[in-house]
Structure formats: C-alpha cells, structure tokens
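>
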Amino acid sequence: ITLGVMSLRFATEFFNKLKKINLKPSIFIYKRSEKNPKWSDIFYVRASSIVFRDWFLSLSLNDVKKLLDKEIEFKREFVRGFYESEGYCGDSYIMMYNSDLGLLTLCKELLTEFGIPSSIRGPIPPANPRWKDMYTLKVKREFMGDFLVAFKPIIKTPEYYELRKLNINALQ
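The opening residue of the sequence shown carries number 86 in the working numbering; numbering runs sequentially from there.
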C-alpha cells in the first residue's frame with residue numbers, strides 16, 4: 086500500500102490507521118519544493134503485507150457491506166475516504182466520481198443513512214475509448230454543511246479549495 090498526499094495531517098492519520106491494524110507503516114516526505122518553490126511537498130505512507138493484499142483483492146461489494154454493517158464509524162470512515170480520494174467540494178455542491186456504479190450506489194445508501202440526500206448521474210461516456218464510463222454522485226448545496234459535519238474531511242474542504250485558488254503552498 087502506498088499513499089502520496091500533500092496533507093501531512095491526512096498522511097499522519099492514514100499512517101495511524103495502518104499502524105492500528107498492525108501493518109507497520111512508514112512515512113516519508115518527498116521535498117518537491119526544493120526543486121521548485123511553487124510545488125507542494127508530498128508525504129508518502131507505505132506499508133507492505135501479502136496477506137492484507139490478498140484479503141483486500143478478494144473483497145466483493147457484499148463483503149464491504151458486511152464489514153461496514155459492523156459499526157457506524159466504519160460507514161463514516163468509508164464515505165470520508167471515498168470522498169477524499171474520488172470527490173470534489175464545489176461552491177454549490179459536493180461531487181464524487183467513479184466508474185463503479187456499485188460503489189457509488191453504496192455511498193448513496195450510506196449518505197441516506199446519515200440523513201444526506203444525494204443523486205447519481207451517468208453513465209458519462211469516456212473521452213478516451215480505453216477508459217470506462219463515469220458516474221457521479223452529487224450532494225446539493227443545502228446539504229453540504231451536513232456532509233462536512235458528518236464526515237469531517239481533512240483534505241477536501243471548502244478552505245482547501247480557497248487556498249488552492251490563492252496558490253498557497255501551506256495546505257498541511
């Protein structure tokens with residue numbers, strides 16, 4: 086498992102989650118800013134486990150649902166992780182993109198459990214014929230606050246996008 090992000094806070098949290106399940110992760114920084122001051126540094130978290138890889142690759146959507154049903158926090162963390170990796174927070178909506186309609190449908194069901202209505206659109210034909218069709222899950226403006234409070238994203242917040250607009254290299 087390797088994750089590279091510009092947020093030290095997110096990398097540290099991911100590191101701690103891997104450590105909690107005994108995967109013995111490591112964390113390091115790639116100082117891109119030394120090459121170009123306008124570039125953000127990247128924090129890498131890495132862990133290696135053949136057993137975990139085999140288990141993860143064997144999971145079906147039904148297996149994921151069974152795992153999520155064990156605890157409400159699992160559901161919250163799943164939606165947050167999915168949003169952080171596949172989502173976007175605009176001025177008037179939150180959007181998540183994926184080619185797996187089943188995963189988006191699961192996210193929609195979980196959002197409903199947290200009282201947040203959403204809609205799925207698609208398929209959107211790919212720009213490249215080698216790519217898959219894309220689907221979008223959208224949370225409207227009036228429920229953005231509920232979403233942000235319920236799932237507490239670390240990276241993709243309205244403030245993050247405002248800082249990016251200002252080209253500030255301090256998103257940690």
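We treat Cβ as the ideally placed atom computed from N, Cα and C, and that holds for glycine.
Since we're looking at a predicted model, the values are computed, not measured.
In terms of residue numbering, what span does the alpha helix (DSSP H) encompassing residue 228 cover?
Per DSSP, residue 228 belongs to no alpha helix (DSSP H) and is neither H nor E.
> Judging by CA-CA distance, which residue of 164, 145 and 115 is the nearest neighbour of residue 236?
164
> List in chain order: all unbroken alpha helix (DSSP H) runs of 4+ residues lying wholly within the segment 137-188.
146-153 and 157-171
> Assess, as a yes-or-no matter, whether the segment 183-193 is touched by the segment 215-231 under the definition of 3 or more beta carbon pairs within less than 8 Å.
yes
> Take every Cβ of the segment 204-217, pair it with every Cβ of the segment 159-175, and state whether three or more of those distances are shorter than 8 Å.
no
> Since residue 94 is in the alpha helix (DSSP H), which residue starts that stretch and which ends it?
That run of the alpha helix (DSSP H) goes 93-105.
> Do residue 160 and residue 119 have their beta-carbon atoms positioned less than 8 Å apart in this structure?
No, the pair does not count as a contact, with Cβ atoms beyond the cut-off.
> Output the distance between the C-alpha atoms of residue 205 and residue 128, rounded to the nearest integer angstrom.
33 Å
> Let me check understanding here. Comparing Cα to Cα, which of 162, 116 and 130 lies closest to residue 124?
116
> Out of 95, 113 and 195, which one is the CA nearest neighbour of residue 149?
195
> In whole angstroms, give me the CA-to-CA distance for residue 225 and residue 232.
10 Å
> Less than 8 Å separating the beta-carbons of residue 131 and residue 179?
It is not a contact, given that the beta carbons lie outside the stated cut-off.
> Less than 8 Å between the C-beta atoms of residue 106 and residue 96, yes or no?
no
> Please report how far the alpha carbon of residue 162 lies from the alpha carbon of residue 102, in whole angstroms.
Going from the Cα of residue 162 to the Cα of residue 102 covers about 11 Å.
> In angstroms with no decimal places, state the Cα-to-Cα distance between residue 230 and residue 239.
14 Å
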